[in-house]
Amino acid sequence: MQLPLLHHLLDLVYPRTCAACGREPGRGGRHVCWDCRTRMDILGGALCRVCGDPVEAETGHAFTCSSCAGHRPHFDLARSAARYRRPLNAVLQAFKYRSMACLAADLTPLLAACVGVHYGRVRFDALTYVPLHRLKERERTYNQAGLLARALSRLNGFPPVANCLRRVRPTPTQTGLSAFQRRANVRDAFRVTMPEWIRGRTVLLIDDVMTTGATVNECARVLRKAGASGVYVATVARG
Ligand SMILES: [Zn+2]
Ligand SMILES: [Zn+2]
287 MQLPLLHHLL DLVYPRTCAA CGREPGRGGR HVCWDCRTRM DILGGALCRV
337 CGDPVEAETG HAFTCSSCAG HRPHFDLARS AARYRRPLNA VLQAFKYRSM
387 ACLAADLTPL LAACVGVHYG RVRFDALTYV PLHRLKERER TYNQAGLLAR
437 ALSRLNGFPP VANCLRRVRP TPTQTGLSAF QRRANVRDAF RVTMPEWIRG
487 RTVLLIDDVM TTGATVNECA RVLRKAGASG VYVATVARG
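If you read the sequence shown in the working numbering, its first letter stands for residue 287, the second for the next number, and so on.
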């Protein structure tokens, strides 16, 4: 059966609703409607040249934010597709907490565009993602960052995803913590399980949301320690 016909039949049995606004999504996307897509706050303009943190004002020149100037991150660069604001935050919360794994199909093109714009000249040898602790992954049944990484690999023809990072202890949610507390919270929380996949390679590290960057920075630290020659971060949203 052809895919469009199958989708049409599925729509009759299980009508789709937009994950952000609840309306019928139409043909613009599978689970995010056209209006919500167009309202996403895609990042452009002035960004920190290292961590990609946006500033509201137009600087007219490249700059390094005070955080990166104070502590150079372990990753080479980090970039995000859009701001963590409505409607994208609602979509990501549904993706993460309402078992809507299908949203990977709607979110991956955003991530792919971001990677294409910012990392078009980088040749990645390995692709990986921020792991969940095994207890949390069992509870959630999937890792949203892993789904994005696999979908991105297929879409962009990148190397297969290496499941080479492990979260060795559960970490309380980073929500509501200061930047200092976030760094302490994830310190030594990750291990590289397959250093042979990493050594001497340029790694693209995927996550869904980046806020202060403490989590991806800690992952980058252990990837570097395992011999990665470069670590680049891409996330769908920037908090
Ligand atoms: Zn919508
Ligand atoms: Zn920065």
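We treat Cβ as the ideally placed atom computed from N, Cα and C, and that holds for glycine.
Residues bridged to residue i (per DSSP)
{"i": "T479", "result": "DSSP lists no partner for T479."}
{"i": "I492", "result": "Y415, A520"}
{"i": "A368", "result": "I328, A523"}
{"i": "R473", "result": "In the DSSP output, where bridge partners are listed per residue, R473 has none listed."}
{"i": "V447", "result": "L413"}
Spatial neighbours of residue i in its chain, beta-carbon cut-off 7 Å, leaving aside the 5 residues before and after
{"i": "L421", "result": "P456"}
{"i": "V502", "result": "F361, A364, V416, L491, D493, M496, V519"}
{"i": "A387", "result": "Y428, L433"}
Cβ-heavy atom distance, residue i to ligand 2, below 6 Å
{"i": "D339", "result": "yes"}
{"i": "V336", "result": "yes"}
{"i": "S353", "result": "yes"}
Residues near residue i by beta carbon distance below 6 Å, same chain, minus five either side
{"i": "H404", "result": "R365"}
{"i": "C304", "result": "P311, V318, C319, C322"}
Residue i to residue j span [Cα, whole Å]
{"i": "S439", "j": "V495", "result": "18 Å"}
{"i": "C334", "j": "A523", "result": "15 Å"}
{"i": "G308", "j": "L374", "result": "13 Å"}
{"i": "G330", "j": "L434", "result": "21 Å"}
{"i": "H419", "j": "P458", "result": "11 Å"}
{"i": "F476", "j": "L298", "result": "44 Å"}
{"i": "F466", "j": "V447", "result": "31 Å"}
{"i": "M326", "j": "M480", "result": "37 Å"}
{"i": "E425", "j": "Y383", "result": "10 Å"}
Inter-residue CB distance, residue i and residue j (contact presumed, cutoff 8 Å)
{"i": "A376", "j": "A437", "result": "Not confirmed; about 20 Å, so no contact."}
{"i": "A380", "j": "I328", "result": "A380 to I328, Cβ: 19 Å. No contact."}
{"i": "G513", "j": "V489", "result": "No, G513 and V489 are not in contact; Cβ-Cβ is about 10 Å, not under 8 Å."}
heavy atom of ligand 1 below 6 Å from residue i C-beta
{"i": "A306", "result": "yes"}
{"i": "C388", "result": "no"}
{"i": "C322", "result": "yes"}
{"i": "C505", "result": "no"}
Proximal residues to residue i (C-beta, below 8 Å), its chain only, five neighbours per side dropped
{"i": "R468", "result": "Q460, T497, T498, A500, T501"}
{"i": "G402", "result": "N442"}
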